[in-house]
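Scroll down for the structure; my scribbles are underneath it.
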Amino acid sequence: MTMTTTLTGQDAPHRRGSPGYARITVALFAAGLTTFISMYSTQALLPALAQGFAVPPGTAALAVSVTTGVLALAIIPASVLSERFGRTTVMVWSAVLSCAVGLVLPLSPTIEWLLVGRVVQGLALAGIPAVAMAYLAEEVHGRDLGAAMGRYVAGTTIGGLLGRLIPSTVLDMSTWRWAMEASAVAAVLLAVVMAKTMPESRFFRPKRVSWGTVTANLVLHLRNRDLKALFALGFILMGGFVSAYNFLGFRLLARRSI
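Take the sequence shown: its position 20, counted from the start at 1, is 19 in the numbering used here, and no numbers get skipped.
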């Protein structure tokens, strides 16, 4: 005698057209938006920060670089935490903490305080990019997974754009502090959308992952020549991309003053 098991609608992965699929794609789109608005909220303000704190462009540019750099390093620990505490928990707390830091950053009295705050914000932001794809892979049916991931990636792209447009627009009417606060408020609103619409994980099972295993796997990857080439490629391309935008504002303002 053979026995077959059929997944019910509540137990099956989300499919395109279902209410769950709509909720999860809206939530991850909002997650991409809030993450990248927060990440790049200072990039359009770098000339204003340099002037306001009386520091050179290179120092002001650290307001972007320290955040992206720390985020890159924190992604691995964040992914390990998600294995223990759950995907949605890590993503929601990531958004909450990064938004809380973003709201107080405009109060920074010195460039040093601002950079410390941006380091903390980078640590907090790591939870979403570290977990988002794994969450989707667990909860969305394989046939519809590509489209769901595409919406998250679209959110990150548009979020990066808004992270530059919102503060630069406000800066034309006010100071860099209010411009940064406007970005933080936008990030908070999108974080609320994410938290309200994100379905609970149904297929995640918590497990303990030892740091020794994580370290051993990391060392193994770094010994792989092909992987090292890919890592270097991503580092160089993203580093060049971010650096170009960091200093483009200074060049444009210098040309305008000629």
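Where is the CB? At the ideal position from N, CA and C, for every residue including glycine.
The model shown is predicted, which means the values in this text are computed figures rather than measured ones.
Closest Cα partner of residue i within the set the options
{"i": "Leu252", "options": "Asp10, Leu45, Arg15", "result": "Leu45"}
{"i": "Ala73", "options": "Tyr39, Val130, Leu27, Ala125", "result": "Ala125"}
{"i": "Ser167", "options": "Thr156, Gly158, Met179", "result": "Met179"}
{"i": "Met193", "options": "Ser17, His13, Leu27", "result": "Leu27"}
{"i": "Pro105", "options": "Thr67, Ala47, Asp143, Met132", "result": "Ala47"}
{"i": "Gly154", "options": "Ile23, Pro198, His220", "result": "Ile23"}
{"i": "Val241", "options": "Arg150, Gly159, Ile75", "result": "Gly159"}
{"i": "Asp10", "options": "Val169, Thr66, Glu137, Val25", "result": "Glu137"}
{"i": "Ser107", "options": "Pro56, Thr58, Phe52", "result": "Phe52"}
Local Cβ density within 10 Å of residue i, reported as buried at 16 or more and exposed below that
{"i": "Trp210", "result": "exposed"}
{"i": "Phe35", "result": "buried"}
{"i": "Trp175", "result": "buried"}
{"i": "Met294", "result": "Given that the chain is displayed from residue 0 to residue 257, the structure contains no residue 294 and the question cannot be resolved."}
{"i": "Ala131", "result": "buried"}
{"i": "Gly248", "result": "buried"}
{"i": "Leu189", "result": "buried"}
{"i": "Ile165", "result": "buried"}
{"i": "Thr66", "result": "buried"}
Within 8 Å, strictly: CB atoms of residue i and residue j
{"i": "Phe202", "j": "Ala60", "result": "no"}
{"i": "Leu96", "j": "Ala183", "result": "no"}
{"i": "Ile157", "j": "Leu32", "result": "yes"}
{"i": "Val89", "j": "Leu80", "result": "yes"}
{"i": "Arg207", "j": "Arg83", "result": "yes"}
{"i": "Ser200", "j": "Tyr134", "result": "yes"}
{"i": "Ile75", "j": "Leu217", "result": "yes"}
{"i": "Arg224", "j": "Tyr39", "result": "no"}
Sequence-distant residues of the same chain with beta carbon closer than 6 Å to residue i, five excluded per side
{"i": "Thr41", "result": "Ala62, Val63"}
{"i": "Ala186", "result": "Thr33, Ile36, Ser37, Cys98, Gly101"}
{"i": "Ile127", "result": "Ala30, Thr34, Met90, Ser93"}
{"i": "Pro198", "result": "Gly19, Arg22, Ile23"}
{"i": "Ala243", "result": "none"}
{"i": "His220", "result": "Leu226"}
{"i": "Tyr151", "result": "Leu27, Gly31, Ala131"}
{"i": "Arg86", "result": "Val130, Tyr134, Ser200, Phe203"}
{"i": "Phe49", "result": "Looking at the sequence provided, one finds Ala at residue 49 rather than Phe. Pro56, Ala59, listed in sequence order."}
Own chain residues within Cβ distance below 7 Å of residue i, not counting five before or after
{"i": "Val100", "result": "Gly116, Val119, Gln120, Ala123"}
{"i": "Ile235", "result": "none"}
{"i": "Ala181", "result": "Ile165, Pro166, Val169"}
Neighbourhood of residue i by C-beta, 8 Å cutoff - its chain only, sequence neighbours within 5 removed
{"i": "Gly68", "result": "Gly121"}
{"i": "Pro205", "result": "Glu82, Arg83, Phe84, Gly85"}
Would the stretch 62-76 and the stretch 108-119 be scored as touching if the rule is three or more Cβ pairs under 8 Å? yes
The stretch 9-24 contacting the stretch 135-152, beta-carbon criterion three pairs below 8 Å: yes
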